[in-house]
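In the order they appear, the protein sequences are chains A and B.
Here the first sequence stands for residues 0 to 281, where the numbers follow numbering that gives the first Met the number 0.
Here the second sequence stands for residues 0 to 317, where the numbers follow numbering that gives the first Met the number 0.
A virtual CB, placed ideally from N, CA and C, is assigned to each residue, including glycine.
Heads up, the thing below is written out as structure tokens.
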Amino acid sequence: MLLIQFLNALQFSMTLFLLAVGLTIIFGLMKIVNLAHGSLYMIGAYVGLSIWTYFDSFWLALIFSPLITALVGAFLYYILFRHIQNADPMKQVLLTFGLIYIGLDSVRLIWGTMSHSISAPELLSKSIILINNPYPSYRLFVIFIGILVLICLYFILEKTVIGAKVRASVDDPEAAKLLKINTDKILFYTFSFGCGLAGLAGITVAPILGVEPGMDMEVLVLTLIVVVVGGPGSLKGALVGALLIGFVDSFGKVYIPQLAQIIIYAVMALTLLFRPDGLYKR
Amino acid sequence: MRAVNYNPKLRFQIMIILILLSIIFNIFGGYFTRFFVAEIIILSIFAISLDFIASRGGMVSLGHAMFLGIGAYATAILSINYGIPPFYATFFSILIGLFIALLIGYFIVLLDGIFFIMVTLALGEMFHAWVFTSELLGGSDGITGIMRPDLSFLKIDLNTPIIFSFYTIFWLIIVYNLISRITDAPLGRNLDAIRQNSERVSAIGGYKKTYKAIAFSISAGIASLAGSLYVQLNGFISPELTHWTVSGEGLIMIIVGGIGSISGAILGASVVHIIQHELSNIINWWMLVIGFGFILVVLFMKDGLWGLIESIKKKLGY
Numbered sequence: 000m001l002l003i004q005f006l007n008a009l010q011f012s013m014t015l016f017l018l019a020v021g022l023t024i025i026f027g028l029m030k031i032v033n034l035a036h037g038s039l040y041m042i043g044a045y046v047g048l049s050i051w052t053y054f055d056s057f058w059l060a061l062i063f064s065p066l067i068t069a070l071v072g073a074f075l076y077y078i079l080f081r082h083i084q085n086a087d088p089m090k091q092v093l094l095t096f097g098l099i100y101i102g103l104d105s106v107r108l109i110w111g112t113m114s115h116s117i118s119a120p121e122l123l124s125k126s127i128i129l130i131n132n133p134y135p136s137y138r139l140f141v142i143f144i145g146i147l148v149l150i151c152l153y154f155i156l157e158k159t160v161i162g163a164k165v166r167a168s169v170d171d172p173e174a175a176k177l178l179k180i181n182t183d184k185i186l187f188y189t190f191s192f193g194c195g196l197a198g199l200a201g202i203t204v205a206p207i208l209g210v211e212p213g214m215d216m217e218v219l220v221l222t223l224i225v226v227v228v229g230g231p232g233s234l235k236g237a238l239v240g241a242l243l244i245g246f247v248d249s250f251g252k253v254y255i256p257q258l259a260q261i262i263i264y265a266v267m268a269l270t271l272l273f274r275p276d277g278l279y280k281r
Numbered sequence: 000m001r002a003v004n005y006n007p008k009l010r011f012q013i014m015i016i017l018i019l020l021s022i023i024f025n026i027f028g029g030y031f032t033r034f035f036v037a038e039i040i041i042l043s044i045f046a047i048s049l050d051f052i053a054s055r056g057g058m059v060s061l062g063h064a065m066f067l068g069i070g071a072y073a074t075a076i077l078s079i080n081y082g083i084p085p086f087y088a089t090f091f092s093i094l095i096g097l098f099i100a101l102l103i104g105y106f107i108v109l110l111d112g113i114f115f116i117m118v119t120l121a122l123g124e125m126f127h128a129w130v131f132t133s134e135l136l137g138g139s140d141g142i143t144g145i146m147r148p149d150l151s152f153l154k155i156d157l158n159t160p161i162i163f164s165f166y167t168i169f170w171l172i173i174v175y176n177l178i179s180r181i182t183d184a185p186l187g188r189n190l191d192a193i194r195q196n197s198e199r200v201s202a203i204g205g206y207k208k209t210y211k212a213i214a215f216s217i218s219a220g221i222a223s224l225a226g227s228l229y230v231q232l233n234g235f236i237s238p239e240l241t242h243w244t245v246s247g248e249g250l251i252m253i254i255v256g257g258i259g260s261i262s263g264a265i266l267g268a269s270v271v272h273i274i275q276h277e278l279s280n281i282i283n284w285w286m287l288v289i290g291f292g293f294i295l296v297v298l299f300m301k302d303g304l305w306g307l308i309e310s311i312k313k314k315l316g317y
């Protein structure tokens, strides 16, 4: 039983990680908290739903829905986000708050208010026996995706020139500009990439949780907490925060169901009390 | 954050016009209009509380719906479970809101802009989650059967819609007076100083934390008052009242009205609520329109309706 719970928690953590990573990178680069990040996650799931319905292939959805979400992100960046980089935090937050409304209603208009479900691909629809316990292989696949993204991100950020440029723009945009790094371009691509990851989180979660309007709100606050606990702008923080919140939430729901919701916030409050800048200060 | 709108004369004029308008609507409107007026007034009180900390205090709270909820639930619990008369319950719930905000504020008021937003959001959601699971507070069903204050010794029956609207207007005037006085008093001036250059304030020995915490708790007390009036208007409360989007909508109201102008908050609350209400009657994709509206206002109307009025007055040569 413990193993099953452990894996469930890990799967949830990985989903949170995919979401938090995009948010935290965007925050690190632009100092903007994008409240519409949850909406992108929802859009990812819905686009995946459409692709899955029309082409009857989960794999196509898995590939194309993050791409389309990234395009939506690029569009948002182009028309909105690049103009508000230096506005005061309240304006930024309220602009993204407006996007939540637009996202929610667009989804309702295009896909209706019904909740839908996507079935996992045949290859992953069976359960795997793990030490006498059957466990849905799809969840293992989600964990695998999360770890894959983590490794790729680590490799790109630490080992490639592009990654070095991104890190430079996060640490010191002025100096980066002086060194002929095109920070605007980097912002554009990282923003879209972060949005794409939110879309990936949406489509990978769809077979587990279903697709419905309002799924954005459920994850948004959790993702924000992950980012705050981990330390905004820090990749390591996003991972540790996601694991912490994912495990506390999953185990909390099993062992102390009445307090499960509150415990996450308590964890956040404690973290902020002792480390006001999050676990990993950049 | 830049200096905020400050023009006591215009503030007072707009306030008088708005109060007169609400009185006229209240007298000549039907049952529904009167209810609607009361709703707008309560939202205005909430918007003023947000306006005060956002503009003077420089603290943008996305968790202020928590205090709305605290006021509402405290009123409900005190009057139903403990039999305290609703009128006193309102006072107690304001005090409870003040006290809780002072405790919380002591820890969070010095956080930087975006951190403050996130922490208040998380705290508000924590309260929301707690309300949802708490049996004492009725969980997801909320609480019903909340009575309005009994003012029969003044020969007033608050259960008639017209009287209750006047009752809320009475509270709005008190809140307006309080906040505009605080704005002009040393507390408001200190807050201005802290917002504009907090390091200099520390350097000359000002009490940053104390002033900010006091401002936060005053604002929370006012939000609690709004919550308390809200349950008395509706007779029931649902946990949805404490969701963070309520705070977000409150912030939109003050942006639309014009930040820092107090009467702008009332103006914003009225306009946003009326548009929301009317639009949702006509079309069912009103949220889309409202979302675009929010974005356009935030992007292009720097001082909201207040700024618009100010510039019109300037053009007319007053």
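Listed along chain A are Asp104, Arg107 and Leu108, each with a C-beta nearer than 8 angstroms to that of Trp284/B. Contact check for Ser227/B against Ser21/B fails: the beta carbons are separated by 7 angstroms or more. Within the region 71–146 of chain A, complete beta strand (DSSP E) segments of at least 3 residues are found at 126–129 and 132–135, given in chain order.
Taking 9 angstroms as the Cβ-Cβ cut-off, the region 241–254 of chain B approaches chain A at His242, Trp243, Thr244, Gly247, Glu248, Leu250, Ile251 and Ile254, given in chain order. Distances from the alpha-carbon of Ala35/A to those of Leu66/A, Val92/A, Ala265/A and Met29/A put Val92/A closest. Between Thr203/A and the set Phe140/A, Ile185/A and Phe273/A, the nearest pair of CA atoms involves Phe140/A. Only those residues of the region 122–149 of chain B whose C-beta falls short of 8 angstroms from the nearest C-beta of chain A are listed: Leu122, Glu124, Met125, Ala128, Trp129, Phe131 and Thr132.
Residue environment analysis places Asn7/A among the buried positions, since at least 16 neighbouring C-beta atoms fall within 10 angstroms of its C-beta. Take the alpha-carbon of Ser114/A and the one of Ala214/B: they are about 44 angstroms apart.
The beta carbon of Gln84/A sits closer than 6 angstroms to those of Met29, all from its chain and outside the five residues before and after it, given in chain order. With a 10 Å radius around the Cβ and a threshold of 16 neighbouring Cβ atoms, His276/B comes out exposed. Identification of residues in the region 1–28 of chain A having a C-beta nearer than 9 angstroms to some C-beta of chain B yields Phe26, given in sequence order. Interface annotation for the region 52–65 of chain B against chain A: Ala53, Val59 and Leu61, criterion Cβ-Cβ distance under 9 angstroms. Interface annotation for the region 85–96 of chain A against chain B: Asp87, Pro88, Met89, Lys90, Val92, Leu93, Leu94 and Phe96, criterion Cβ-Cβ distance under 7 angstroms. Using a CB distance below 7 angstroms, the part of the region 235–268 of chain A facing chain B consists of Gln257, Gln260, Ile261, Tyr264 and Met267, ordered along the chain.
Assignment of alpha helix (DSSP H) within the region 189–240 of chain A, counting only whole runs of 4 or more residues, yields 214–229 in chain order.
Counting only unbroken stretches of 3 or more residues, no beta strand (DSSP E) element lies wholly within the region 53–99 of chain B.
Look at Val271/B: its C-beta is not under 7 angstroms from any C-beta on chain A.
The three-state reading of DSSP puts Thr209/B in helix, counting H, G and I together.
With respect to the 7 angstroms criterion, Leu123/A and Ser105/A are not classified as neighbours on the basis of their beta carbons. Going by beta carbons, Tyr134/A and Ile127/A fall inside the 7 angstroms limit. With a cutoff of 7 angstroms on beta-carbon distance, Val226/A and Tyr40/A are scored as not near each other. The beta-carbon of Met117/B is placed less than 7 angstroms from the nearest beta-carbon of chain A. Residue environment for Leu242/A: buried (at least 16 other C-beta atoms within 10 angstroms of its C-beta). The alpha carbon of Asn80/B has as its nearest neighbour, out of Gly137/B, Asn6/B, Leu171/B and Met14/B, the alpha carbon of Gly137/B. Contact between the region 26–39 of chain B and the region 187–206 of chain B is not established, with fewer than three Cβ pairs separated by less than 8 angstroms. Contact check for Gly263/B against Gly257/B passes: the beta carbons are separated by less than 7 angstroms. Excluding sequence positions up to five before and after Ser179/B, its CB lies within less than 6 angstroms of the CB of Ile261, all in the same chain and listed in chain order. CA-to-CA, the gap between Gly267/B and Ile274/B works out to about 11 angstroms.
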